[in-house]
Amino acid sequence: MTVTPVDARPVRMLVNGDEVEAQVESRRLLADFLREDLELCGTHLGCEHGVCGACTILLDGEPARSCLLLAVQCDGAEIQTVEGLGRDGVLAPLQEAFREHHALQCGFCTPGFLMTASYVLSTTPGVPEERELREALAGNLCRCTGYHNIVDAVQDAARRRQQTSPQKEG
Amino acid sequence: MGDLTRPRMLHAVFLRSPYPHALVRGVDASRATAMSGVHAVLTGADLPADFPAQPLNHLFHGQRETPYYALARDRVRYVGEPVAIVVADSPYVAEDAREEIEVDWDPLPAVASAEVALEDGASRLYDDWPDNVAATFEADMGDVDTALAEADVVVSARFDLQRLFACPLEGRGVLAEWDLFRDELTLWTSSQIPHIARDFLSWVLGLPEPRIRVIVPRVGGAFGSKFHFYPEEVAVPLASRATGRPVRWLEDRAESFLATVHAREQIIEATMAARSDGTVTAVSGEILGDMGAALHTVSYGPVWLTSVMLTNVYAIPNARVRTRAVVTNKTPLGSYRGWGQPQANFVVERLIDQVARRLDADPTEIRRRNLIPPDRFPYKGLHHVFDNGEYEACLDRGLELADYTGWRERQHRFRADGRLVGVGLSFYVENTALGPSRLLNAGGVLSGGYDIGHVRMETNGEVTVFTGLCEMGQGFTNGLAQLAADELGVDLAQVTVVTGDTQTCPMTGYGTGASRSAAVGGAAVMKAAGTVRRKVLEIASHMLEAAAGDLEINAGVISIAGSPDRYVTMADVGRAAYLRPADLPDGMDPGLEAIEVFDPPQMAWPYGINVAVVEVDRETGEVTFLDYVYVHDTGTQLNPLIVEGQIHGGIAQGIGMALYEELSYDEDAQPRVGTFLDYLLPTALEIPRPRVDHLVTPSPIIPGGMKGVGEAGAIGSPAAVTAAIEDALRPFGATITRLPVTPQAILELIASAERTGTSTLVPQAAR
Amino acid sequence: MKPAPFAYCDPTTVDEAVAVLADAGDEAKLLAGGQSLMPLLNLRIVRPSVLVDLNRIEQLSEIDAREIGGIRIGATVRQRTLELDATMRERLPLLVEAVRLVAHVPIRTRGTVGGSVAHADPAAEIPAVTLVLGATMHVVGPTGPRMIPATEFYLGPFTTGVDPSDLLVAVEFPPQPPGAGWAFLEIARLHGAFALVGVAALIHAGADGTLEDARLALCGVGGTPVEIEGLDELVRGQRPSASLIEQVARRVRETIEPFTDTQAGAGYRREVAGVLTARALHLAALRAGLEVAA
């Protein structure tokens, strides 16, 4: 096995359903690849050490910190970012719920919350109970809202999803 | 800021001092500059000899000068002070190059705290000073000494309030594009004060103001910490000028703990005197503000505000405050939600609780007895005149909503079961709608308190509102749009608010902060919208051949009252005003816009009560919230959802201050906190769901009646939470005067009480 | 906060990985989940010249849960995979309970069992569990495979028996006798933050309701996870009771030598270690179907 020196490596991945091919430096963080190379600025960097959660994306359907992933690790993977939640400029029901409940103020943490919440909704049947939901969201920091409008928005989105025919969130 | 790019943009990082105090003998960037992908490295040596120091916006009487520059010249005074800027093709390469810079440091002794800084023989930060005192302040009211001598009860305590910072989730950022051909600078920056920034940039860079454009994009939170003019805002433009390319710097998280202004740190020795009937007769305080290495933009303003708010909501006739703003070798101290009011509130509310304890009285009754009654307004405190307030009504509503008496009853049972449940409250009043220009200027502020609103109706009847205020998540643009829409009679969807661009937006006297955007900004917009409305009616009356007084506007349609089929639309009026001036009344100029100024005649004084209910785990010291109630009066609420959002966020930050956050330094003035592993921001599991209610007493002096609410939640919450914990620990006779209140501190208080036999609770065996 | 440059390789077999390590020695770092390593890279606290990404070595991501015999968990098995696996919940509930306390879900979807063990953060939960459950670490180096029992594995803060030229390939848990009682409890300043103190407790009782043995390991109270020795002498033949539990808690307080850091002092850690021990033993007893006398 030869170790390639510092240089660009080819990567191919699906990002929000689109095929992407690029050459990236090995040390380039997935977050920077998404933001700068693909110009998908929805994913935000709040700490670059995995605590704040603003950079959370879905990697092969599971939430992960894009600040703690190298782009090269995602060769062959399916990535979903916040840009992939809505469709043709129409907000996803979860995003609508955030808007209605004033669950964002500055909005910097919001993409991370949306990705985490979207995963919670797609893996939790019914309406998550508040304590359990707060635990699921505790990995995303918010400095503006004090959290409870966010909790309300996610519960509301779950309720609405229950009422309409089941559809994949985002 | 990280979303903004410009063609050919380069990326910058800063080399920052690893020493708290050192001489910079030389900087060798040759290896860095030689690296592939590196375009420039600038240091203090690249600044001309007469390059101005960073300007301040607040110049208090007697304050000393603490010059610091865009890049350190020959001396650094805190860990994190910027020494060099590295510009490269990417931040990755810039960080690589940064490591190649060699600095010849000559470390100097450092002072890590205000007390050490005041010791005889302490190492001095500024050689031409006799000591480390940057400024002093005194205020007196009545005769404190006599009141103390005659008092039945005197309580005293020393309060140690920690250093922390606003920590918005988005760090700071600057993108500078210096057009060398035209010698014009465009600066995108995450600032709350673009006009002040432009003013300062002109001064420092020697570029005329009209050739500087400052643009504030959407900002990911600020809370006051971006209400400052930073060295990076000068260094990045210099880098752009040096390279001839746009340059962007994004503050990373590790950097933010050093580079963004810190907040709150004070030591307050305070005393309160009272009569046996619970009337508080005097309060006095000696305040030490730990300013860090330099007075930054707002000088020691927050410490000054603590000083003058030391009577809080109470009619305390005698007061004295002696304040010293002290420099230390730490990051400079600056603005953060509430400014100095959380500290003043903490001191007064905790002392009142102590008075209540000494008199064996209920803390709510002592407060009730001392609240400024409605008939004493306008009331002059240590400095300010408070306008109006229904304090007692607010107290009652808060206690009712919190079921205060119910909790007190249940508390007996809890204690019998060995459970430590406590109820704490804090009543606050705060200063908003900053403020009358004459007052600000008299206080040494180089800004007015006015705001300018610019409202323009377009050719198609839509409305654009221009304001110099900036959006950072607080949502005031909604409020301004509502005000304009209401005043003009158009749908909200027809109104666009433009913010944060010095080229198109009018000057804001002070900036976005001090809870003034809705009140002062709103009033200015209302005024301008009113002027436009009058012209609209004049034009419409001409078109409809009716008296303006007979017209009404609804949803963008101007019709004759009682004859709805006779109307014109806003679009018709707009067209006449801009495209068919022939349709205008004789002598009327075309155009349909107005620029109006509102300078508040006074500041506004919203107030409220926090009631916190907590349970303390006797064995681990952990604190859980059982309830949190907040009742406040902030005048007219433009948008209740937004108002509540501000309250929730403020309470969360107050809880962070009470229980979690601290930027601690070691004895050598080295920061101990560098990541979120050590700087604890509370999560969704730590912050309770507050129950909020409000009274509405419109401000008598702000058109529209808004008072301002941005800071409120953060002001009384630290005291309420601390009071609740102290109340829970009442069987141990604990007094809490230091923040944050950690589980360890709680166990130590309990252990100490048990050792000294002051505990009245029988220790429980481990369950 | 961007990593310093490194040469990257993503071998697909253990042998390839070992060959790279043989060349690069301590200039190389192994990337598994990255949840501990990436922050260190981003902060430039570590700056390997070679980064060996283990995530493409399929063999390392397998769980081998044998009918008889123990469970062998490949080094790159995700913590999240473990916590959702029904067999793991049934056969290694103590491990699952501990894993659930590691940070938050987005960390656990990448973080690995092996990575946590090899990183050996003094505050980490999984290492403490490996002590209590008597795990064995499977390591492969230039001279071939070897096994290190958990009791000999942790040498100091962030230091284990895995040499720079080695690779941890699996953590093997021996079969657990039925009817055990178990609990993992921790205290942290914030939910999901690093534990100040964590306690892993395992007890076995006989059919007559008396204890046969108790095993306890703590994290956050020393440079390595600390197993409390000699508890079986204390508890054997006795019925669980508050006073017996308190004796064990006292033994824990007397044994450990915790440290002070920015988050908590040694005294607090010592005190809380005792409290958590008592609570964990109580819970473990209940789970073993035992009553705890007052």
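Residue numbers (the numbering used here), protein chains in the order written: chain B, 1 to 170; chain D, 1001 to 1767; chain P, 2001 to 2294. Note that the Cβ used here is the ideal one computed from N, Cα and C, for glycine as well. Quick caveat, the model's predicted, so the values are computed rather than measured.
Backbone secondary structure at W1129/D - three-state DSSP = coil
request  = Assuming F2006/P contacts V2050/P (C-beta within less than 8 Å), just tell me the rounded distance between them.
outcome  = 6 Å
query = Apart from the five residues just before and just after T164/B, which ones in its own chain have a Cβ nearer than 7 Å to its Cβ?
reply = none
query = So is I2187/P in contact with chain D if we call contact Cβ pairs under 9 Å?
reply = yes
message = So within the stretch 1443 to 1480 of chain D, which uninterrupted beta strand (DSSP E) runs reach at least 3 residues, ignoring any that extend past its ends?
response = 1451 to 1457, 1463 to 1467
request  = Select from V1204/D, D1396/D, E1115/D, W1105/D the residue whose C-alpha is nearest the C-alpha of G1608/D.
outcome  = D1396/D
task = Please look up how many angstroms separate the CB atoms of S1515/D and G1708/D, rounded, as I've assumed it's under 8 Å.
result = 3 Å
query = Which residues share a DSSP beta bridge with T2136/P?
reply = P2149/P, E2172/P
ask   = With a cut-off of 8 Å, do at least 3 Cβ pairs link the stretch 92 to 100 of chain B to the stretch 139 to 157 of chain B?
value = yes
query = Can you tell me whether DSSP reads Q1341/D as helix, strand or coil?
reply = helix
ask   = Is the CB-CB distance between V1013/D and P1091/D below 9 Å?
value = yes
message = So that I know if they touch, is there some Cβ in chain B lying closer than 9 Å to that of E1286/D?
response = no
request  = Answer yes or no: does any C-beta atom of chain D fall closer than 9 Å to that of F98/B?
outcome  = no
inquiry  = Taking a contact to mean a Cβ-Cβ separation below 9 Å, would you say A2201/P touches A2293/P in this structure?
reply    = no
ask   = Does DSSP classify V1298/D as helix, strand or coil?
value = coil
message = Taking 9 Å as the threshold (beta carbon to beta carbon), is D1160/D in contact with chain P?
response = no
query = Is there at least one Cβ from chain P nearer than 9 Å to C67/B's Cβ?
reply = yes
Cβ-based contacts, 8 Å cut-off: residues of the stretch 1632 to 1643 of chain D near chain B = L1641, I1642
Three-state secondary structure (DSSP) of D2085/P = coil
ask   = Under three-state DSSP, which class holds V3/B?
value = At V3/B, the pLDDT of 40 sits below 50, so the modelled position is not reliable and the matter cannot be decided from this model.
ask   = Measuring CB to CB, does V1027/D end up less than 9 Å from T1033/D?
value = no
inquiry  = Would you call the stretch 1656 to 1672 of chain D in contact with the stretch 1153 to 1167 of chain D, where contact means no fewer than 3 C-beta pairs closer than 8 Å?
reply    = yes
key: Where E2186/P falls, given that 16 or more other Cβ within 10 Å makes a residue buried   = buried
query = What in chain P is Cβ-close to V151/B, meaning under 8 Å?
reply = Result: empty, since nearest Cβ-Cβ is about 14 Å, beyond 8 Å.
query = Just to check, is the beta-carbon of T164/B closer than 8 Å to a non-hydrogen atom of the ligand FAD?
reply = The model on display carries no ligand, and the ligand FAD is accordingly not part of it.
inquiry  = Tell me the rounded alpha-carbon separation between P2328/P and F33/B.
reply    = A query on residue 2328/P cannot be resolved here, the shown segment of chain P reaching from 2001 to 2294 and no further.
request  = Report the residues of the stretch 2190 to 2210 of chain P with a CB closer than 8 Å to any CB of chain D, ordered along the chain.
outcome  = L2190, H2191, G2192, A2193, F2194
query = Which same chain residues, not among the five before or five after V2132/P, have their C-beta less than 8 Å away from its C-beta?
reply = L2094, A2200, A2201, L2202, R2215, L2216, A2217, E2227
request  = Return the CA-CA distance between K1330/D and V1024/D, expressed in angstroms with no decimal places.
outcome  = 17 Å
key: Buried versus exposed, by CB contacts within 10 Å (16 or more), K1527/D   = buried
message = Short of 8 Å in beta carbon distance, which residues of its chain neighbour T1836/D, apart from the five on each side in sequence? Order them along the chain.
response = Summary: the structure shown does not reach residue 1836/D, with chain D confined to residues 1001 through 1767, and so no result is reported for it.
inquiry  = Check whether chain P comes within 9 Å of D1252/D, counting only Cβ atoms and requiring the distance to be less than that.
reply    = yes
key: K1707/D in three-state terms, based on DSSP   = coil
ask   = Would you say N140/B faces chain D, with C-beta separation under 9 Å as the test?
value = yes
inquiry  = Would you say D1096/D lies against chain P (beta-carbon separation less than 9 Å)?
reply    = yes
query = Are the C-beta atoms of Q23/B and some chain P residue less than 9 Å apart?
reply = no
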